[in-house]
Every structure is written in C-alpha cells, then in structure tokens.
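As structure tokens, the structure follows; a few thoughts come after it.
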Amino acid sequence: MVTPVSIVKCRRYDDEEVLEKLRLSIDLIGGIGSFVKKGDRVLLKPNLLYGKAPEKAVTTHPSIIRGVIQIVRENGGIPFLGDSPGIGNSVGVAEKAGIKRVADAMDCPVIEFNRPVLPPERKGRFFKNIEIDQAIFEADVIINLPKWKTHAQMLLTLGVKNLFGCVPGQRKALWHLKAGEDHKIFAQMLVDIYLMIQPSLTILDGIVGMEGNGPGSGDPVPLGLILASGNPLILDQIVCDLVGISRNSLMTNRVAFEQGLGRNGIEVVGERVEDVKIRHFKLPNLTRVDWNLPGFVKKAFKNALNSKPVIDQEICKLCNQCVEICPPEALKGNEKGLVFDYGKCIRCFCCQEICPEGAITIQQGWALKLVGRRQRAEGRM
Ligand code: SF4
Ligand code: SF4
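So this is what it looks like as structure tokens:
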C-alpha cells in the first residue's frame, strides 16, 4: 500500500492564503471527502503546549485552525477542538494562543481533556494501559494538527509526538515518570499511543516552525511549508528528509520500523523534497542516551553519558511551573534560587519543556558529546 504525503508551500499566515494551501494539501492526498463525511463529529487536536502568542511558534497557528474548521464544515463535518496542555487548561491556552477567538467566531467548541479512559481496543505493543481522553473515542474523525518544532528529548515533535496531548493532564506526568528515563521506551510509548488513536488526517503547521531549544523556548523559524498525510508516521519521515537527517534518528521512527510500521510505500505529492529542503535547521542539544552501545559500556559511562537539566538563575523568574510539573519533586528552592537534586531527577525533561522563559537547558555528559560529534562526522545524524 502506498501512503501519500503532500508538501505545499505557504509563505505566511494570511487566512486566505492558508485556506487555499490547506485545500491544496488535502486535495493532493485524496480530498477532504476521503476523511470526513456529512454529520461526522470531527475532533481537531492542535499543539497547545502552553499559552503563548502565535508568533512564538509554540502552538499551532490560529490561521491553520480557522482553515481546517472551514474545510471540515464545508464537507458537513461537525468540528470541535481539544487538547491537554503541559500546563494550564486547553481553554486558557487556546485563548492566549489566539485559537479560542477563532474557534468562538466559527462556533467550534474548545473542550478540556479531563476524562481519562482505557481505550476500547488495546493496540499498543507494551503500553496497553495508558488512559486516553474519552473525547478521542467519541469522535468519528480525528484531525491531528501538530506544529513543526524541535524537542530536546525526542529531537523533533511532529505528528506522532503531538498525540501525547491526548493523555489527560496529570497522567502525562506519570507516564513521563514511567517511560522518561529511556528515550527508546518513551518513543515506544508514543508509538503505542499513536496506534490506539490512529488519526484519520495529520496536517503539519510548518509555515513558521521552531528550531533550537524546543519545544517551548526555541526560536521561531520561517519554513514556509504545510504537510498533510493520512499517516503521521509517514509524514514524520518526510520531515526528517526535509531537514537532512536520517529517518532513523527520530526515535519514534526507529521504534516503529522495528515493529514493521511506517514502512509502506511513500508517495510524496506536491513539492519535491529536494526542491524545498530546509538548510541549516538548528536541532536541539540531544538528551539521548541510547546510542546502541553495548550494555557494559553504557553502564560504565552512565554518568558521562547522562544529560541533565541545568538552570540559568539570571533568566529564571521563579514562576514555579517546573517545580509543580516535576514528577519526583527533584527541584527545590533555596536562597540562591532553584536547585536540582540530580539523585532524584529521572531526566524526563518536563521542566525544560514547560519553562516559559527558556531558563532550563540540557547539558550533555562529556561522553555523549564525543559520541555525538563522531556520529555527526560520520554523517549518521
Ligand atoms: S526555571 Fe523556568 S519554569 Fe522554573 S521557576 Fe524558573 S522560570 Fe519558572
Ligand atoms: S528536574 Fe526536570 S528532568 Fe529532572 S525529573 Fe524533574 S522535571 Fe524531570
């Protein structure tokens, strides 16, 4: 079976231009009628990490939301929108991100994900007991609307990672705690969540993306692209091609490939990858520890390999969000500001993800830096 992925150029967040390019991106993969039927309840799942203005590129842009609501409506679908933000609630985050205003104007309800249920079909490989929000199972169609961003733990957050927001609030932190020590395990969890949700359509907002210290405090970067596909695993692979990294370097891809997923034929439609490649896209300082080294080497070099979060006290505004989200309570305040208890820290990097000031960065262990340099030199990254 061949799965198409469309790549369409879109220069800016002008509502008319975005609508036209969204239509094109969906038409190229079969048209909205292949995904939405008259009377379908259509859940839109944007990236609502936390409440920032659209130009910060933390959340899916309101122009994308507006365009998708319109297209769904034109085909007789009944759209509603929901997410479980990293901090705060979806209505509050949607307000700050400019999405609520658009949704209200178009009569599209914004709901909270606060009804955890076990999926009726446990399709994951290992993580079969993750509770997903009930709204997912009440919808006839799910349209996944990720933002193209870097992610200090997972390298990039795209179509598959965006679905982690379907796990309601506090439970996300718990699953971070369970799976966050090993990135491969975390990636497996993300793939399992994807298998339980399987959105009908994924549209990636890559008009302005985020590079550097993502997903919350990186730098907005104009990329000028919208991608669409029925399969986010396939779409994520094409983004790897576009930024010039191997498909395997995205851990969710690697885990999926090992299970024989995402390996069906891919047909790129619209722009050709080689014509719209993103040059010099700044990836984050990776926090990965799994480099396929033998177990005894990993053990011996554990500390040298281990990355850790570090805080810049001059940037920190003592807002306490990192303290509140830290699953093992490894962050405490003292007279100098916040300090980490690295003995307790499980390296889930929720604190780096949530910090609105960009005060937390990831410091790599010395051996990890050496391995990374060598892999880059060998062209494996
Ligand atoms: S490090 Fe960031 S999230 Fe933590 S208290 Fe400081 S500003 Fe807030
Ligand atoms: S300090 Fe940060 S990385 Fe460490 S456990 Fe807490 S949230 Fe996770």
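In the numbering used here, the protein residues as written are 41 to 421.
Beta carbons are placed, not taken as given, at the ideal position from N, Cα and C, and that holds for glycine.
- Counting C-beta atoms within 10 angstroms of its own C-beta, N288 has fewer than 16 neighbours from the protein chains shown and is therefore classed as exposed.
- Under the criterion of beta carbons closer than 8 Å, L290 and L185 do not qualify as touching, at roughly 19 Å.
- Put simply, the backbone Cα of E95 is about 10 Å away from that of G249.
- Residue environment for H191: buried (at least 16 other C-beta atoms within 10 angstroms of its C-beta).
- Set against 7 Å, the gap from the CB of L371 to the closest heavy atom of ligand 2 is smaller.
- Residue nearest to I318 within the set I274, I247, V309, E60 is I247 (criterion: CA-CA distance).
- Cβ neighbours of K372 within its own chain (closer than 8 Å, five residues either side excluded): V363, L378, V379, D381.
- Of I237, V112, G310, the smallest CA-CA separation from K168 is found for I237.
- Between R113 and D180, the C-beta gap is not smaller than 8 Å, which leaves the two residues out of contact.
- Of all C-beta pairs linking the segment 103-121 to the segment 152-172, fewer than three are shorter than 8 Å, placing the two stretches out of contact.
- By the C-beta criterion, the segment 116-136 is judged not to be in contact with the segment 266-280, since fewer than 3 inter-stretch pairs fall below 8 Å.
- Taking 8 Å as the upper bound for CB-CB distance, P272 and G199 are in contact here, some 3 Å apart.
- Excluding residues up to 5 positions away in sequence, Q228, D232, Q299 lie with their Cβ nearer than 7 Å to the Cβ of R165 in the same chain.
- Bridge partners of T401 according to DSSP: V350.
- By the C-beta criterion, the segment 61-69 is judged not to be in contact with the segment 138-152, since fewer than 3 inter-stretch pairs fall below 8 Å.
- Ranked by how close their Cα comes to the Cα of P208, the residues A175, Q193, K201, T197 have A175 in first place.
- With fewer than 16 other Cβ atoms from the protein chains shown falling within 10 Å of its own Cβ, N360 counts as exposed.
- Secondary-structure assignment with DSSP links G305 through a beta bridge to V42.
- H320 and K189 have their C-alpha atoms roughly 14 Å apart.
- Placement of the Cβ of I394 at a distance of less than 7 Å from at least one heavy atom of ligand 1 is found.
- For P260, the enclosing beta strand (DSSP E) starts and ends at 259-269.
- Counting along the chain, the unbroken alpha helix (DSSP H) around E178 starts and ends at 174-178.
- Looking at the DSSP output, F120 shares a beta bridge with L83.
- Excluding the 5 residues flanking it on each side, R162 has same chain C-beta neighbours closer than 6 Å at K168, in chain order.
- M146 sits in coil when the DSSP states are folded into three classes, being neither helix nor strand.
- Going by DSSP, M236 is part of the alpha helix (DSSP H) stretching over 223-237.
- With distances taken between CA atoms, V316 lies nearest to L265 out of I355, V131, L265, L158.
- Here the distance from the Cβ of I318 to the nearest heavy atom of ligand 1 is not below 7 Å.
- For V181, the enclosing beta strand (DSSP E) covers residues 181-185.
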